[in-house]
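Peer 1: Positions 1 to 302 (the UniProt record's numbering) are the ones given, in order, by the sequence shown.
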Amino acid sequence: MKLTNRIVDAGFWVGWNALWLLPGALSYRIFDSIAVVCLRMRVKGVRQLELNLSRVMDQEPDSLVVRQTARTAMRSYMRYYCETFLLPRWSEKQLLDKVRAENVHNIEHAMSTGGVILTLPHSGNWDHAGAWAAKHFGSMCTVAERLRPEGVFQKFLKMRTGRGMTIMPLTGAGGTYEFLRDNVNQGRLVALLGDRDIAKNGMSNLFFGYRASLPIGAAVLAIDTGRPLFTCAPWYDGETLVIDFDQEVEFDRTPVQGRDRLRKAQEVTAQVVSRFEQHIQRHPENWHQLQPVWPDLVVNDA
């Protein structure tokens, strides 16, 4: 294993095994300090975040408003890591009390008749939201990006399964789509992140007015199973994680195959993306997207 991978692996081990021993306020201060250091060093992720936010806010990347929003977003992102490290140690009461679910009746009604598909952007704390959903709805199935080094991926996998989530690696395992489809058909909630084409098999859609390759998995699942598709977006309101559930995404449920299936998936995904835009514009400081989304907005280290 490379030295950098060993350092990352060790850092995550400390996070999950030692952070909970510290007073809560100190844990948050440590991660807030990490965010400040990253901002001062202007690491690649910070610069990419500024580029992404500049498109959301229709401002220049070096404008004061983008820089200030990126600063808040980076501190929010480090809060995500802090709370994700603490998540395995939280009691059930802590897990539930730290969440405010808005319009949850939309999805509860749909789940009374079978499985449901939910898609969301990388905002707030999606791991906390997933753990809450697993407890509230009785199930939560998803796929996970295969992080490197492998030890980090395994630690995330252990944390998520320990909080009641059923996880399938996004790559390297095979049968991912069948796993998700079967879980929907068995009456479970399947949740998928939908604002970045991690698997590199998405389709082109307009996102904040510019073309980006975005995942169509949630739309395809809804089309193939005939089950409802919903969107939501977690965001922080003070010490509370708010999960804002939207109305069901409406589309023609007539079964289709081949090119018609892909065309419909692209159309349904366009509706999803439109909702993501609204959520992200309302809370840009909670959008933790430090990776390239648009092909024309990529940090150049040359």
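Ideal Cβ positions, reconstructed from N, Cα and C, are used throughout, including at glycine.
Tell me the rounded alpha-carbon separation between Val-56 and Arg-75.
Peer 2: If you take the alpha carbons of Val-56 and Arg-75, they lie about 18 Å apart.
Peer 1: Our contact map puts Lys-135 next to Leu-96 with C-beta atoms below 8 Å; I'd like the distance itself, whole angstroms only.
Peer 2: Between Leu-96 and Lys-135 the Cβ distance is about 7 Å, and since that is below 8 Å, they are a contact.
Peer 1: Out of curiosity, what's the CA-to-CA distance linking Thr-69 and Tyr-28?
Peer 2: Their backbone Cα atoms lie some 19 Å apart in a straight line.
Peer 1: Can you check which of these residues, Pro-292, Ile-30, Gly-226, Glu-145, is closest to Phe-207 by C-alpha distance?
Peer 2: Measuring from the Cα of Phe-207, the nearest candidate turns out to be Pro-292.
Peer 1: Within a Cβ cutoff of 6 Å, which residues of the same chain sit near Asn-103, ignoring the five residues on either side of it in sequence?
Peer 2: Same-chain partners within the cutoff: Phe-245.
Peer 1: Give me the DSSP bridge partner(s) of Gln-102.
Peer 2: Looking at the sequence itself, residue 102 is Glu, so the reference to Gln does not match. BP columns for Glu-102 point to Asp-244.
Peer 1: Bridge partners of Pro-121, per DSSP?
Peer 2: BP columns for Pro-121 are empty, so no partner.
Peer 1: For the region 217–225 against the region 110–117, are there 3 or more C-beta pairs whose distance is under 8 Å?
Peer 2: Output reads yes: the region 110–117 touches the region 217–225.
Peer 1: With the cut-off set at 8 Å, would you say Leu-290 and Gly-45 are in Cβ contact?
Peer 2: The answer is yes: Cβ separation under 8 Å.
Peer 1: Could you tell me the distance, in whole angstroms, from the CA atom of Leu-157 to the CA atom of Glu-145?
Peer 2: When rounded, the distance between both Cα atoms is 10 Å.
Peer 1: Report the residue ranges of all alpha helix (DSSP H) runs contained in full by the region 157–245; include only those spanning at least 4 residues, in chain order.
Peer 2: 176–185, 217–225, all fully within the region 157–245.
Peer 1: According to the Cβ coordinates, are Val-249 and Val-268 closer than 8 Å?
Peer 2: Against a cut-off of 8 Å, the Cβ pair of Val-268 and Val-249 comes out as a contact.
Peer 1: May I ask you to list the residues that DSSP assigns as paired with Val-116?
Peer 2: Answer is Leu-189, bridged to Val-116.
Peer 1: Taking only the alpha-carbon atoms, compute the straight-line gap between Gly-174 and Val-99 and give it to the nearest angstrom.
Peer 2: Straight-line Cα distance between these residues: approximately 34 Å.
Peer 1: In chain order, what residues of the same chain have a beta carbon less than 7 Å from the beta carbon of Asp-127, not counting five sequence neighbours either side?
Peer 2: Only Thr-84, Leu-87, Arg-160 meet the Cβ criterion.
Peer 1: Val-143 bridges to which residues according to DSSP?
Peer 2: DSSP lists Met-168 as partners of Val-143.
Peer 1: Along the chain, where does the alpha helix (DSSP H) containing His-128 start, and where does it finish?
Peer 2: Element bounds for His-128: 126–137.
Peer 1: Taking DSSP as the reference, what is the three-state secondary structure of Trp-287?
Peer 2: It is a strand residue.
Peer 1: Please confirm whether Glu-248 has its beta-carbon closer than 8 Å to some beta-carbon of chain C.
Peer 2: Going by chain labels, chain C is absent from the structure shown, which holds only one protein chain.
Peer 1: Please return the same chain residues whose Cβ sits closer than 6 Å to the Cβ of Pro-215, not counting the five positions on each side in sequence.
Peer 2: The answer, listed in chain order, is Gly-194, Asp-197, Gly-202.
Peer 1: Going by Cα to Cα distance, which pick from Leu-39, Glu-50, Gly-151, Met-168 is closest to Val-14?
Peer 2: Selected option, being the one with the closest Cα: Gly-151.
Peer 1: How should Met-41 be labelled, buried or exposed, when 16 other C-beta atoms within 10 angstroms of its C-beta is the threshold for buried?
Peer 2: Label assigned to Met-41: exposed.
Peer 1: Using a Cβ-Cβ cut-off of 6 Å (strictly less than) and excluding sequence neighbours within five positions of Phe-12, which residues of its own chain qualify?
Peer 2: Closer than 6 Å at the Cβ level, and outside the excluded window around Phe-12, lie Val-152, Lys-155.
Peer 1: According to DSSP, is Thr-72 helix, strand or coil?
Peer 2: In this structure, Thr-72 counts as helix in the three-state DSSP scheme.
Peer 1: Report the option in Ala-270, Leu-39, Met-165 whose CA atom is closest to the CA atom of Gly-209.
Peer 2: Comparing Cα positions, the closest option is Ala-270.
Peer 1: Excluding the 5 residues preceding and the 5 following Met-78 in the sequence, name in chain order all residues of the same chain whose CB lies nearer than 7 Å to its CB.
Peer 2: Once the five neighbours on either side are set aside, the close Cβ partners of Met-78 are Phe-31, Asp-32, Ile-34, Ala-35.
Peer 1: Just to confirm my understanding: we take His-279, look at its own chain, exclude 5 residues before and 5 after, and list those with CB closer than 6 Å. What are they?
Peer 2: Taken in chain order, the residues that qualify are Ala-233.
Peer 1: Would you call Thr-119 buried or exposed, if buried means 16 or more other Cβ atoms sit within 10 Å of its Cβ?
Peer 2: So Thr-119 ends up on the buried side.
Peer 1: Would you call Ser-123 buried or exposed, if buried means 16 or more other Cβ atoms sit within 10 Å of its Cβ?
Peer 2: Flag for Ser-123 reads buried.
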